[in-house]
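For reference, the structure is listed below as structure tokens.
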Amino acid sequence: MKVVFLLFDSLNRHMLGPYGGTRIPTPNFDRLARRCVTFDGHHVGSLPCMPARRDLQTGRLSFLHRSWGPLEPFDNSFPELLARAGAYSHLVTDHYHYFEDGGATYHNRYDTWDFIRGQEGDPWKAMVQPHWERLREMYHERQFFTDRRHYKAQDIINREFIREEAEFPQVKCFDAGLDFLELNRDADGWLLQIETFDPHEPFMAPARFKEAFKTGWNGPIRDWPRYGRVDELPEECEELRANYYAVVSLCDWQLGRVLDAFDAHDLWKDTALILTTDHGFLLGEHDFWAKNRMNMYEEVAHIPFFFYHPTRGTPGTRRRGLTQNIDLAATFLEMFGAERPAEMQGLSVLPMLDDDVALREAALFGYFGGAINVVDGRYTYHRFPLDIATQEIYQYTVMPTHIRSMFTPEEMQATTLAPPRSFTKGVPLLKVPVIHRSPFYDNYGPGCLLEKETRLYDLAADPGQDTPLADPNAEARMVSLMRRLMAETDAPPEAYARVGLEPAGAS
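For the sequence shown, the numbering used here assigns the number 591 to the initial residue and increments by one for each residue that follows.
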């Protein structure tokens, strides 16, 4: 078996042609959909970036126990399990969060890896005295920073060295992935993961990809929306969206290069091709930009998933059943004949290639410290803590780091030792109370939430999630599903209490 796994970041499902998108031409996503099985019910698990990747690599939800952090010593890792089964894995990525404190254990699980520098705030180019006054004139004031430790300031410096199309990190990333294919296409027993940070903000693409979306904007560079409510002028909003469209067009172009390689070498006969993302991104829908700050609307939580298998599935067909990112690990393991560990929640989607069977009745997803969310294909239910500010919540870990820093001594002072949980293989855990001064609290934690009201939506009657539904019977059913799925995830007792629920099995 040979597998090419394409992973994008913040790729909006509803923008792609195979999912009904019309604003951005996506000829290569359309081309892939004609070849493969397209999944209509694919959803996120834990968010944002690295929590999603922990789910993806371990096949297990993490957001009820932990925020952004590394793989833990007890975690299963599908690349390591593939290696034990005799399969080779290679990661090509420009996603620099893999190389920070909160992600530095992930890329080492692959047999080999290739890191492409320069995306966003990657601490790449060392310019001790930037020409700040010249740069200030180039960038919009909302994305201009001069603090050298601020990732937006580093992004401005990095861009000074990314001018020609061949210099863009995504282009280099796919170059390196195609190099692997050229070198190893005749070998067997490998998985290649090509992972790009795009179309994650900032929305920077080579000029030719912007041509079709020019807005007439004459102001400074404006391609990095602020996380939160929309308060920009209409023309500024259009420029921000246009730059996202341009990056998605670049993603489509790079996908086309992979499809060309499959065509040129007839890889379709013996190589699987899988494509998905970690989450979506709001571009003004529900009057918000981005993610993290608001309810987990469909635009964020319902994501694309394409699966081509050389011997299974009918080209051009679709599947409606619910799947999640946690299912990828189990799928890879089955494809290479590796055993699925008992701790893995995810299920292989291979049976769905042959028939639209149901893997699960519902899917659980969320941010650490935010709402607990559940979807059953008809309804989505978003249950927020009774009081975000005073909720009792702990991080369970033996790897106490945030995105770019270790836990502070202040955070750790009230730490206790918790007994092992069902998925920690006998390892006890540090139980670290969440405090307001935690570095993550106001960035991607409970302190940043702008919406905090529990809601139920009927996606059949209200696909845009414009009007919350008052239906006690439907809500009771979704609560029952939520409690059951939380129990299957071995949620700690306070996870139920913070959202006003009794643990599953309690009266």
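We treat Cβ as the ideally placed atom computed from N, Cα and C, and that holds for glycine.
Comparing alpha-carbon positions, which option in the options lies nearest residue i?
i       : options                            : result
Val1022 : Phe895, Pro990 and Pro931          : Pro990
Tyr887  : Phe852, Tyr971 and Glu929          : Tyr971
Leu849  : Ala836, Glu1065, Gln744 and Ile864 : Ile864
Glu670  : Leu1049, Arg699 and Phe758         : Arg699
Gly767  : Glu889, Val594 and Arg1067         : Val594
Phe619  : Leu976, Asp946 and Phe897          : Phe897
Ile784  : His790, Asp778 and Phe770          : Phe770
Cys763  : Ala952, Met996, Phe598 and Met1072 : Phe598
Glu825  : Trp780, Pro975 and Gly806          : Gly806
His855  : Arg930, Arg798, Glu929 and Leu773  : Leu773
Leu892  : Leu1020, Asn602, Lys592 and Leu596 : Residue identity check: residue 892 is His in the sequence provided, not Leu. Of the candidates Leu1020, Asn602, Lys592 and Leu596, the one whose C-alpha sits nearest the C-alpha of His892 is Asn602.
Lys592  : Ala851, Gln719, Phe751 and Thr861  : Thr861
Leu857  : Asp1052, Ala716 and Asp778         : Asp778
Arg930  : Ile614, Ser600, Arg994 and Gln647  : Gln647
If you follow the alpha helix (DSSP H) that residue i is part of, which residue opens it and which one closes it?
i       : result
Val890  : Glu888 to Ala891
Arg621  : Pro617 to Arg625
Glu785  : Glu785 -> not in any alpha helix (DSSP H); beta strand (DSSP E) instead, spanning Trp780 to Glu785.
Asp737  : Per DSSP, Asp737 belongs to no alpha helix (DSSP H) and is neither H nor E.
Leu1075 : Pro1062 to Glu1078
Phe922  : Asp917 to Met925
Thr970  : Here Thr970 belongs to no alpha helix (DSSP H); instead the beta strand (DSSP E) covers Tyr969 to Arg973.
Leu596  : Unbroken run through Leu596 is the beta strand (DSSP E), Lys592 to Phe598; no alpha helix (DSSP H).
Tyr1100 : In this structure the chain extends from 591 to 1097, so residue 1100 is not present and cannot be described.
Met605  : Segment: none, Met605 is in no alpha helix (DSSP H) and carries neither H nor E.
Cys639  : Cys639 to Thr648
Return the first residue and the last residue of the beta strand (DSSP E) that residue i is part of.
i       : result
Asp944  : Taken as a continuous stretch (DSSP letters only), Asp944 belongs to no beta strand (DSSP E), being part of the alpha helix (DSSP H) at Leu940 to Asp944.
Ala913  : A small correction: the amino acid at residue 913 is Thr; Ala does not occupy that position in the sequence shown. Counting along the chain, the beta strand (DSSP E) containing Thr913 begins and ends at Arg908 to Gln914.
Ala953  : Ala953 to Tyr957
Asp1052 : Taken as a continuous stretch (DSSP letters only), Asp1052 belongs to no beta strand (DSSP E), as it is neither H nor E.
Thr612  : Where Thr612 is concerned, there is no enclosing beta strand (DSSP E), given that its DSSP letter is neither H nor E.
Tyr729  : Taken as a continuous stretch (DSSP letters only), Tyr729 belongs to no beta strand (DSSP E), as it is neither H nor E.
Taking residue i and residue j to be in contact with their CB atoms under 8 Å, please state how far apart those CB atoms are, rounded to whole angstroms.
i       : j       : result
Gly631  : Gly874  : About 25 Å; that fails the 8 Å criterion.
Thr786  : Gln760  : 5 Å
Asn882  : Tyr1034 : 5 Å
Leu872  : Gly960  : Not really, about 15 Å apart at Cβ, beyond 8 Å.
Ile916  : Gly649  : 5 Å
Trp814  : Pro796  : That pair is no contact at about 17 Å.
Asn902  : Asp944  : Residue identity check: residue 902 is Arg in the sequence provided, not Asn. The Cβ separation is near 6 Å, so the contact holds.
Lys1124 : Ala756  : Any answer about residue 1124 is impossible in this case: the structure gives the chain only from 591 up to 1097.
Val634  : His876  : Incorrect: roughly 17 Å between the Cβ atoms, too far for contact.
Pro789  : Tyr834  : 6 Å
Would you say residue i touches the ligand ZN, meaning its beta carbon is less than 7 Å from a heavy atom?
i      : result
Glu791 : For the structure depicted, the ligand ZN is absent and the ligand set is empty, with no information on it obtainable.
Unbroken alpha helix (DSSP H) runs of length 4 or more, entirely within the region 977–1033: which are they? 999–1002
How do the region 1000–1018 and the region 652–668 stand: do at least 3 beta-carbon pairs fall below 8 Å, yes or no? yes
At 3 residues or longer, what runs of the beta strand (DSSP E) sit wholly inside the region 855–887? 861–867 and 878–880
Within the region 658–710, ranges of the alpha helix (DSSP H) (whole runs, at least 4 residues): 668–674
Please give me, in chain order, every unbroken run of the beta strand (DSSP E) with length at least 3 that falls completely inside the region 753–813. 780–785
Does the structure place the region 907–924 close enough to the region 939–950 that three or more beta carbon pairs sit under 8 Å? yes
Evaluate contact between the region 635–642 and the region 964–983, counting only Cβ atoms and requiring at least three cross-stretch pairs below 8 Å. At 8 Å Cβ cutoff, the stretches do not touch.
Count Cβ pairs between the region 703–715 and the region 675–684 that sit closer than 8 Å; are there 3 or more? yes
Contact between the region 809–827 and the region 718–736 (3+ Cβ pairs under 8 Å): Yes: at least three Cβ pairs fall under 8 Å.
Touch test, the region 739–755 against the region 828–835, Cβ-Cβ under 8 Å, three pairs minimum: no
Answer yes if the region 650–659 comes into contact with the region 605–621, meaning at least three C-beta pairs across the two stretches below 8 Å, and no otherwise. no
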